[in-house]
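Encoded as structure tokens, the structure appears first; notes follow it.
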Ligand code: HPA
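Numbering (my numbering), first residue to last: 66 to 341.
As structure tokens, this is what we get:
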């Protein structure tokens, strides 16, 4: 009997594929909070609302739309997720990572992920772009449960979660563009509450440079299927412990800060896709 999870992935992929005029996307792109603007640069876009796809839930987070957008970017046929499913919205990990497996079935060769994150590294400022070079996962592992052997092994290697060649290319493109990039470790917790000052300090001591509530489940599922991953965080707040007395972490400010940095991230992603 076929695994119901595989049936769900294949059904959704078949639906999405039927909208792509027989074209295979080379790159899958996950757009984080406030970063959906990259999708506006995709030419001849084919918009596929999640709610029309069999087996998909609706995205509800602030700053997130809920569409796949396929089309040309950097001279390649790509498929972008304008909005993702977060664990804090109450979705099980199977649904959080469903779009990644759907894109795998569609045939992507690379996955680019992005997010809005708090900068716990004291050198990080609002608007900085950070290449994710490694991560610390404090969310449940999305591979818990019976392994889906068709997609990858029971115990996948995570020695190099973020592709070293893509990181090198991104750094060289950024230097050509006079774009200063940070490179660091992304830590994800469940959210949705932001961290306490003590938690920010704890994460910094643990080796994190940026903190958020997403991305890692998608990366684990992509790596399970051997898809090379490039990840980028946009620093939307300085997650320090030296706040002004009236400082508050605010979701709308996070989205506004991400929006302001989205243009730079879009340029970098586009050039990186061109180089593939
Ligand atoms: N913490 C967690 N998630 C976030 C933050 C933060 O400070 N900023 C943006 N996403």
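The beta carbon of each residue, even a glycine, is placed where N, CA and C say it ideally should be. These numbers come from a predicted model, not from an experiment.
Alpha-carbon spacing of residue i relative to residue j, whole angstroms
i: residue 110; j: residue 131; result: 15 Å
i: residue 297; j: residue 318; result: 19 Å
i: residue 213; j: residue 309; result: 49 Å
i: residue 105; j: residue 147; result: 10 Å
i: residue 92; j: residue 141; result: 8 Å
i: residue 254; j: residue 234; result: 29 Å
i: residue 336; j: residue 242; result: 10 Å
i: residue 247; j: residue 232; result: 11 Å
i: residue 261; j: residue 304; result: 9 Å
i: residue 153; j: residue 112; result: 26 Å
i: residue 74; j: residue 89; result: 17 Å
i: residue 278; j: residue 284; result: 13 Å
i: residue 240; j: residue 211; result: 44 Å
i: residue 68; j: residue 258; result: 35 Å
i: residue 145; j: residue 311; result: 38 Å
i: residue 263; j: residue 276; result: 13 Å
i: residue 209; j: residue 228; result: 24 Å
i: residue 193; j: residue 302; result: 10 Å
i: residue 215; j: residue 237; result: 36 Å
i: residue 334; j: residue 163; result: 23 Å
i: residue 203; j: residue 282; result: 10 Å
Contact check, residue i vs residue j, beta carbons under 9 Å
i: residue 182; j: residue 195; result: yes
i: residue 103; j: residue 330; result: yes
i: residue 226; j: residue 188; result: no
i: residue 250; j: residue 272; result: yes
i: residue 322; j: residue 300; result: yes
i: residue 151; j: residue 221; result: no
i: residue 244; j: residue 158; result: no
i: residue 133; j: residue 156; result: no
i: residue 71; j: residue 280; result: no
i: residue 201; j: residue 295; result: no
i: residue 135; j: residue 84; result: yes
Residue environment, residue i, which counts as buried when at least 16 other CB atoms sit within 10 Å
i: residue 223; result: exposed
i: residue 320; result: buried
i: residue 313; result: exposed
i: residue 205; result: exposed
i: residue 230; result: exposed
i: residue 179; result: buried
i: residue 173; result: buried
i: residue 270; result: exposed
i: residue 86; result: exposed
Whole-number beta carbon distance between residue j and residue i, since they are thought to touch under 8 Å
i: residue 185; j: residue 274; result: 6 Å
i: residue 143; j: residue 107; result: 7 Å
i: residue 341; j: residue 177; result: No, residue 341 and residue 177 are not in contact; Cβ-Cβ is about 10 Å, not under 8 Å.
i: residue 207; j: residue 161; result: 7 Å
i: residue 315; j: residue 265; result: So it is not a contact: roughly 16 Å between Cβ atoms.
Proximity test, Cβ basis, 9 Å: residue i and chain D
i: residue 319; result: Reference to chain D is not applicable here, since this structure consists of a single protein chain.
For the 8 Å Cβ check, are there 3 or more pairs between the region 92-107 and the region 321-328? yes
Counting pairs of beta carbons, one from the region 160-169 and one from the region 247-265, are three or more of them closer than 8 Å? no
Under 8 Å, with one C-beta from each stretch per pair, do the region 113-121 and the region 79-86 reach the 3-pair mark? yes
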